[in-house]
Amino acid sequence: MTARRDLLKGAAALGLARHLPGQAQSPAATATTAASTPARSWQNWSGIAACTPRQWLLPADEAELARLLPKSPGPLRSVGAGHSFTALVPTSGSLVSLDRLTWLVAVDKARNQVRVRAGTRIGQLARLLDAEGLALHNQPDIDVQTLAGALATGTHGTGAELPALHAQVLGLRLVTPAGEVLEISADRNPELLDAARVSLGALGVVSEYTLAVRPRYMLRRHVWIAPTQELLEQAPELARKHRHFEMYVLPFTGHGAGITHDEVPAGTPEHPASADENVLADLRKLRDWLGRWPELRRWTAAKLIAGSQPEHALDWSWRLLSAVRPTRFNESEYHLPRERGIACLREIVQTLERRNEVFFPIEFRFVQGDSAWLSPFHGRDSCSVACHALQGEAYDYLVKDLGPVFRRHGGRPHWGKLHDLAAPQLQALYPRFAEFQALRRRLDPEGRLLNPHLAALFGGAHA
Ligand SMILES: Cc1cc2nc3c(=O)[nH]c(=O)nc-3n(C[C@H](O)[C@H](O)[C@H](O)COP(=O)(O)OP(=O)(O)OC[C@H]3O[C@@H](n4cnc5c(N)ncnc54)[C@H](O)[C@@H]3O)c2cc1C
173 MTARRDLLKG AAALGLARHL PGQAQSPAAT ATTAASTPAR SWQNWSGIAA
223 CTPRQWLLPA DEAELARLLP KSPGPLRSVG AGHSFTALVP TSGSLVSLDR
273 LTWLVAVDKA RNQVRVRAGT RIGQLARLLD AEGLALHNQP DIDVQTLAGA
323 LATGTHGTGA ELPALHAQVL GLRLVTPAGE VLEISADRNP ELLDAARVSL
373 GALGVVSEYT LAVRPRYMLR RHVWIAPTQE LLEQAPELAR KHRHFEMYVL
423 PFTGHGAGIT HDEVPAGTPE HPASADENVL ADLRKLRDWL GRWPELRRWT
473 AAKLIAGSQP EHALDWSWRL LSAVRPTRFN ESEYHLPRER GIACLREIVQ
523 TLERRNEVFF PIEFRFVQGD SAWLSPFHGR DSCSVACHAL QGEAYDYLVK
573 DLGPVFRRHG GRPHWGKLHD LAAPQLQALY PRFAEFQALR RRLDPEGRLL
623 NPHLAALFGG AHA
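Note that my numbering has the sequence shown beginning at 173, numbered continuously upward.
What follows is the structure, encoded as structure tokens:
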């Protein structure tokens, strides 16, 4: 039997590797480290968005932030952990980082609520909550994002009855470009809450959130590999039965991985090391060795996958729901109406398999709808399809070839992942878009928060 993490060990044993052509690595991923960039420049995680701002603002507290914003040159753009792929952050003016505004401010265990500074990283928050016997309702794939950055773009995990993270925002404090501090909650300016939950940093800088949390909980994970067709047929039922269900289609293999997480009573954690990076490396080797012979690639993959065994883990929610992603990539993700998800995924897999260089698993998740005006899940339960290309390799097709497929199925793009939509299309996709625009103009009449990417999203600098 072959464990999932050892997909290609069998190939070596068969002596197959020696006979495979082109074993040299495909274009190397050029990992970028902060140390290798000039002191004042900034770039995102994958290196495709960059800027050299005139100044960085690193306020020590909200009062300092409110003093700095009115007198700093625009565009005023907030940056979190730089894990968005779209050009939301770059500015030639002032880059605002809340790296000094972190940590819990208050914990109300009786009401399962916390106040937390907006620069806190999700992973840091998860640990702080755990120490209080609390946890987030759900988490995304990674946890290094700042809370503000994740919420601003509608970041989500998976779960048919679990909404994206911003649905847990009960209140927030927003500092406008004029330096005014707005408190927004069910009691104060309640009409702004759904506008400010997902704001792309276009309304001001959020300094603090009040979040709904819950008592900490353990999850049991089950991972298995099955024919893609079988997983696609079972997906709606699996999503109904399990607290979290997601699947990854492994391109050019005819197979996919199903992953469920279910809440269980606390027990002794058993958490085998993640196999994700090994599987990714194996899929890449198959691509590098057999990419020019898709049928042989499929046949080899099927043979190697045939004996893979399911994996189990048991641990606290925050330890299982988020992982690390050492291999860097570029990504596009769209959110489809729930009933269109599977049909869209099928078409996306077909489209991607026309390109032999593709090897990244295609991620399929479930997200419950919510009411935030710019939430990609606004008013509808959704499925999400995410596609990746290795850092340093071509990624234009994620937008050019996949975008039209996603849009035919009524998809809304993840704000932080690659897409080429602008104001006219967004207006048609978001019923409250015009109201968001009106509020944005009221809070930022001179358009000081707009960089070129936001100007395109909102239809021209002062439109
Ligand atoms: C490896 C990887 C895995 C990912 N996994 C997932 C996933 O599972 N699910 C998912 O939905 N997404 C995922 N993402 C996308 C990611 O969660 C979002 O792009 C998120 O916005 C990144 O947060 P950040 O802190 O890096 O923010 P940044 O990318 O730095 O900024 C994002 C936006 O937030 C705004 N912003 C930042 N701070 C503030 C503030 N204080 N006030 C107002 N606006 C602010 C910025 O101006 C910008 O518009 C992933 C990305 C990567 C690279």
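Glycine is no exception: its CB is placed at the ideal position from the N, C-alpha and C atoms.
Buried or exposed (CB count within 10 angstroms, at least 16 for buried), residue i
| i | result |
| --- | --- |
| G619 | buried |
| A185 | With a pLDDT of 37 at A185, under the threshold of 50, the predicted position of this residue should be treated as unreliable, though the coordinate-derived value follows. It counts as exposed. |
| E418 | buried |
| T440 | exposed |
| S646 | Residue coverage of the chain in this structure runs from 173 to 635, which leaves residue 646 outside it and unanswerable. |
| P210 | A caution first: P210 carries a pLDDT of 41, below 50, which makes its placement in the model unreliable, though a value can still be read off. Its Cβ having fewer than 16 others within 10 Å, P210 is exposed. |
| Q195 | Below a pLDDT of 50, predicted positions are generally treated as unreliable, and Q195, at 34, falls in that range; the measurement from the model is reported next regardless. Label assigned to Q195: exposed. |
| R527 | exposed |
| R412 | exposed |
| G575 | buried |
| W228 | exposed |
| Q481 | exposed |
| V286 | buried |
| R283 | exposed |
| P437 | exposed |
| R584 | buried |
Proximity of residue i and residue j at Cβ, strictly below 8 Å
| i | j | result |
| --- | --- | --- |
| S556 | R510 | no |
| V353 | V377 | no |
| L342 | T400 | no |
| H591 | S504 | yes |
| L300 | L276 | yes |
| A298 | A307 | yes |
| A222 | P262 | yes |
| L253 | Q317 | Note on identity: in this sequence residue 253 is Ala, with Leu being the wrong assignment. The answer is yes: Cβ separation under 8 Å. |
| S256 | N310 | no |
| L319 | V279 | no |
| D315 | G329 | no |
| P548 | H586 | yes |
| Q638 | F630 | The requested residue 638 does not occur in the structure, where the chain is confined to residues 173 to 635. |
| A384 | W545 | no |
| G430 | A398 | yes |
| T432 | L410 | yes |
| I514 | L334 | no |
Integer Cβ distance of residue i from residue j, believed to fall under 8 Å
| i | j | result |
| --- | --- | --- |
| V451 | I520 | That pair is no contact at about 20 Å. |
| L323 | V370 | 7 Å |
| R459 | F538 | About 28 Å; that fails the 8 Å criterion. |
| S250 | P225 | Contact doesn't hold; Cβ gap of about 12 Å is too wide. |
| D302 | W488 | 6 Å |
| T499 | E535 | Wrong, their Cβ atoms sit about 14 Å apart, outside the cutoff. |
| E435 | L391 | 6 Å |
Range of the contiguous beta strand (DSSP E) that encloses residue i
| i | result |
| --- | --- |
| W471 | First-last for W471: P466 to I477, but that is the alpha helix (DSSP H), not the beta strand (DSSP E). |
| S489 | Careful: S489 lies outside any beta strand (DSSP E), inside the alpha helix (DSSP H) at S489 to L493. |
| A561 | S554 to L562 |
| W396 | M390 to P399 |
| D280 | L276 to D280 |
| E607 | No beta strand (DSSP E) holds E607; the alpha helix (DSSP H) holding it covers F605 to L615. |
Alpha helix (DSSP H) segment containing residue i, residue limits
| i | result |
| --- | --- |
| G295 | I294 to A303 |
| F630 | P624 to F630 |
| T382 | Unbroken run through T382 is the beta strand (DSSP E), V377 to A384; no alpha helix (DSSP H). |
| V451 | D448 to L462 |
| I314 | That residue, I314, is in no alpha helix (DSSP H); it is neither H nor E in DSSP. |
| F578 | L574 to R580 |
| A367 | L365 to A368 |
| R500 | Looking at the DSSP string, R500 is not in any alpha helix (DSSP H), and its letter there is neither H nor E. |
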